[in-house]
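Notes follow once the structure below has been shown.
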Amino acid sequence: MVFELQVTSNTPMTAVSDPNQVAESFLIDIGYIPKGYDPKTSATSIRDSVPYRLFMEFFMKYQSRAWSVEELAYLLGTSKPTIYRHINKLKALDLLESMDVEYDGDMRKGYRIRYGDLSKAWTFTCSNVEMAMKNYSATVDHFQQLMSKRREEID
Numbered sequence: 023m024v025f026e027l028q029v030t031s032n033t034p035m036t037a038v039s040d041p042n043q044v045a046e047s048f049l050i051d052i053g054y055i056p057k058g059y060d061p062k063t064s065a066t067s068i069r070d071s072v073p074y075r076l077f078m079e080f081f082m083k084y085q086s087r088a089w090s091v092e093e094l095a096y097l098l099g100t101s102k103p104t105i106y107r108h109i110n111k112l113k114a115l116d117l118l119e120s121m122d123v124e125y126d127g128d129m130r131k132g133y134r135i136r137y138g139d140l141s142k143a144w145t146f147t148c149s150n151v152e153m154a155m156k157n158y159s160a161t162v163d164h165f166q167q168l169m170s171k172r173r174e175e176i177d
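If you're matching positions, the sequence shown starts at 23 in this note's numbering and goes up one per residue.
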């Protein structure tokens, strides 16, 4: 699986007491919801959109509960491919874990916030960022060495 996180300069929102305001800003900052997002549905705002509601009304409100894609699609009134698209974004951030859940008498794959705790899940995201930055640094150092060697050959 590919790890993908948008990193932007930001100010901690610790002075904001509205969880919806914090969530909306955070989800845009990390790239889960694109800046300038237009839902292209009957949603009238980001907070009424499927990705926002999926995150807030299901994964955050019931962090320790795993949800099947079928159940989420039904409850959000959307298609399974739409749910999978947004789940895959959260998985790329390493915030979700999968486990078996029962839905309509059958066992299905379900998803929830990793460890049932966003703060704990975020430690995985941070570890992925650290590893990615180390890899970028190694590539930059290697590239610099290659270019220095090329300049020496030209001179």
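Yeah, the Cβ is synthetic: ideal placement off N, Cα and C, and Gly gets one too.
Query raised in the report: Bridge partners of Lys131, per DSSP?
Result: Checking the DSSP bridge columns, you'll see Lys131 partnered with Asp122.
Query raised in the report: In chain order, what residues of the same chain lie with their CB nearer than 8 Å to the CB of Leu118, ignoring the 5 residues before and after it?
Result: Excluding positions up to five away in sequence, the list reads Phe81, Ile109, Leu112, Tyr133, Arg134, Ile135, Arg136, Ala143.
Report task. Could you tell me if Arg75 is buried or exposed, where buried requires 16 or more neighbouring beta carbons within 10 angstroms of its beta carbon? Result -> Burial state of Arg75 is buried, judged by a 10 Å Cβ sphere holding 16 or more other Cβ atoms.
Query raised in the report: Which residue's Cα is closest to the Cα of Tyr59: Ile68, Asn157, Ser159?
Result: Comparing Cα positions, the closest option is Ile68.
Requested in this report: Could you have a look at Ser90 and say whether DSSP puts it in helix, strand or coil?
Outcome: In the structure shown, Ser90 sits in a strand (DSSP, three-state: E or B).
Requested in this report: Note the first and the last residue of the continuous alpha helix (DSSP H) segment covering Leu140.
Outcome: Here the alpha helix (DSSP H) through Leu140 covers 140 to 176.
Report task. Please say whether Tyr125 and Ser101 have beta carbons closer to each other than 9 Å? Result -> No, Cβ-Cβ distance for Ser101 and Tyr125 is not below 9 Å.
Requested in this report: Would you mind reading off the limits of the alpha helix (DSSP H) that contains Ala45?
Outcome: DSSP places Ala45 inside the alpha helix (DSSP H), whose first and last residues are 41 to 51.
Report task. Report the three-state DSSP secondary structure of Asn110 (helix, strand or coil). Result -> Judged by DSSP in its simplified three-state form, Asn110 adopts helix.
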